[in-house]
Amino acid sequence: MRKLILHIPHSSTNIPFFDGYIVDKQKITKEIEKLTDWYTDDLFGTETDDKVITPFSRIFCDVERFEDDNQEEMARFGMGVLYEKFDNGDTLRTVTPELRKTILQNYYRKHHEKLLNLVKSSLEAKGKCLIVDCHSFPEESFNCAVNKSSFRPDFNIGTDSFHTPKRLIEISKRYFEELGYSLGIDEPYSGSIVPMEYYKKDERVQSIMLEVNRKLYLSRTEKSDGYEKIKEVVQGYLKLLKKTTKLYTLNQALTSKLKNLEWITSYMKDDRFKNVRFKHYIEDDKFLGFEFISEWIDLVSDLEEFNRLEINRIPLIVGDQFDMLPAVITEIKELKTPIIAVLRQQLWDEEIKGLSICSVNLKKKPITAYLARKELVNFK
Ligand SMILES: [Zn+2]
């Protein structure tokens with residue numbers, strides 16, 4: 280399974296040293312309580328993904344800010360990469376050029392180097408990478424917030440027009456909607472981290488930010504009753520990002536050098552299947568007009584897009600052509616609706632991972648197709 284790069288910048292409460300702070304530790308602690316993305320290292324943390332967890336508090340050095348204050352809009356609030364002000368505007372710390380140099384060199388740049396190296400090695404190994412920028416936000420907006428909109432959704436994704444594929448936004452929308460949560464898209468927080476070396480230059484570096492409203496899992500600085508549930512939601516989202524598949528056209532599938540496609544050719548040669556028709560969805564009038572939606576297969580917003588995807592798709596099996604997959608059909612008899620089979624492909628490394636069967640619900644009007652999904656074959 281594909282690895283994500285989890286960037287978790289604001290979970291730590293650690294201040295490595297107190298040089299420059301002009302207030303007592305109690306005040307600093309209070310500010311830490313307010314600004315920390317509590318437990319995001321645990322909420323988002325997985326065993327299998329690459330993680331960059333900042334080991335110091337944002338009040339010491341905020342790795343999500345630009346190093347150069349001239350590029351950083353929060354610097355005008357005294358909250359650039361090295362905070363000099365509290366969120367309420369009071370003075371927190373005096374940053375001398377020397378202090379600045381020390382912290383940037385020993386903390387900020389080390390953090391970004393780590394992220395950059397993970398991105399580099401992922402690109403080398405897989406040709407792509409997906410960074411998930413992991414945050415949480417308070418129900419009441421900060422004083423210094425750039426966007427003080429009263430819209431405080433349950434979750435918020437941040438996107439970048441260059442580095443966030445549209446498909447990911449669609450998938451996210453659907454995921455949170457189906458679970459009954461409100462989702463802000465670039466609202467109230469926008470953007471997602473990408474190492475400067477690749478920023479707006481290399482589309483293979485993909486990035487999306489997820490912000491969780493703290494009211495869902497936090498009570499002051501403690502985990503609330505909702506914590507475990509929200510952790511499941513967040514973990515489910517990360518899994519979804521990894522498993523997302525896309526459709527292949529027949530031509531693409533047969534002409535490109537996809538991995539693990541041998542099964543199709545052997546399948547086509549198999550005598551048991553010699554009478555099986557492969558047909559294009561679009562040729563069968565009866566089935567035109569669906570809106571076909573599935574986070575597992577593909578997401579389309581209109582018929583035109585659906586048809587475009589369906590042309591030459593492989594292998595599409597509808598209705599009574601069940602003989603094609605005898606071993607499987609017994610399992611899905613209970614669906615009692617036409618089914619289609621689609622190749623399941625990993626979005627990120629473009630490897631074919633298996634074959635899925637979906638049942639199509641013809642009863643709803645306007646026809647919204649498809650329901651259930653069965654994973655038939657999982658390829659290594
Ligand atoms: Zn944050």
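Residue numbers (our numbering): 280 to 659. For every residue, glycine included, the Cβ atom is placed at its ideal position computed from N, Cα and C. No experiment lies behind these values; they were computed from the predicted model shown.
Residue i versus residue j - alpha carbon distance
i, j, result
"Glu312", "Phe430", "23 angstroms"
"Ser401", "Gln305", "42 angstroms"
"Phe416", "Thr319", "10 angstroms"
"Asp433", "Asp504", "16 angstroms"
"Asn385", "Glu449", "39 angstroms"
"Leu378", "Ile294", "14 angstroms"
"Lys380", "Tyr300", "16 angstroms"
"Ala404", "Leu395", "14 angstroms"
"Lys502", "Ser471", "26 angstroms"
"Thr370", "Arg453", "43 angstroms"
"Asp465", "Glu419", "17 angstroms"
"Arg337", "Gly324", "19 angstroms"
"Lys407", "Phe455", "25 angstroms"
"Thr315", "Leu519", "26 angstroms"
"Asp298", "Met475", "29 angstroms"
"Leu458", "Ser291", "29 angstroms"
"Ile382", "Pro334", "13 angstroms"
"Tyr387", "Glu511", "31 angstroms"
"Met358", "His286", "20 angstroms"
"Asn367", "Ser451", "33 angstroms"
"Leu447", "Val302", "44 angstroms"
"Lys282", "Lys494", "29 angstroms"
"Lys445", "Lys521", "15 angstroms"
"Val360", "Asp481", "25 angstroms"
"Met353", "Gly437", "17 angstroms"
"Arg483", "Ser498", "39 angstroms"
Proximity test, residue i beta-carbon vs ligand 2 heavy atom, cut-off 6 angstroms
i, result
"His414", "Absence of ligand 2 is noted for the structure shown, with ligand 1 being the only ligands found."
Contact under 7 angstroms by Cβ, residue i with residue j
i, j, result
"Val275", "Leu322", "Residue 275 lies beyond the residue range present for the chain, which begins at 280 and ends at 659; the question has no answer from this structure."
"Asp422", "Tyr468", "It is Asn, not Asp, that sits at residue 422 in the sequence shown. For Asn422 and Tyr468, no; Cβs fall outside 7 angstroms."
"Arg372", "Glu363", "yes"
"Lys479", "Phe441", "yes"
"Ile307", "Leu397", "no"
"Thr443", "Trp317", "no"
"Tyr506", "Tyr516", "no"
CB contact check: residue i to chain B, cutoff 7 angstroms
i, result
"Pro376", "The structure shown contains no chain B; it is built from a single protein chain."
Neighbour-count burial assignment, residue i, 16 or more Cβ in a 10 Å radius
i, result
"Lys508", "exposed"
"Asp439", "buried"
"Ser461", "exposed"
"Pro288", "buried"
"Asn492", "buried"
"Asn554", "Here the model assigns Asn554 a pLDDT of 34, short of 50, so the residue's position is not dependable and the matter cannot be decided."
"Thr375", "exposed"
"Glu310", "buried"
"Phe296", "exposed"
May I ask you to verify whether the region 410 to 419 touches the region 484 to 494, counting CB pairs closer than 8 angstroms and requiring at least 3? yes
Pairs of beta-carbons, one from the region 385 to 397 and one from the region 337 to 347, closer than 8 angstroms: are there three or more? yes
May I ask you to verify whether the region 346 to 355 touches the region 324 to 334, counting CB pairs closer than 8 angstroms and requiring at least 3? no
Going along the chain, which unbroken runs of the beta strand (DSSP E) with 3 or more residues stay wholly within the region 299 to 363? 329 to 332
Whole beta strand (DSSP E) runs in the region 405 to 483 with 3 or more residues, listed along the chain? 408 to 416, 434 to 437 and 462 to 464
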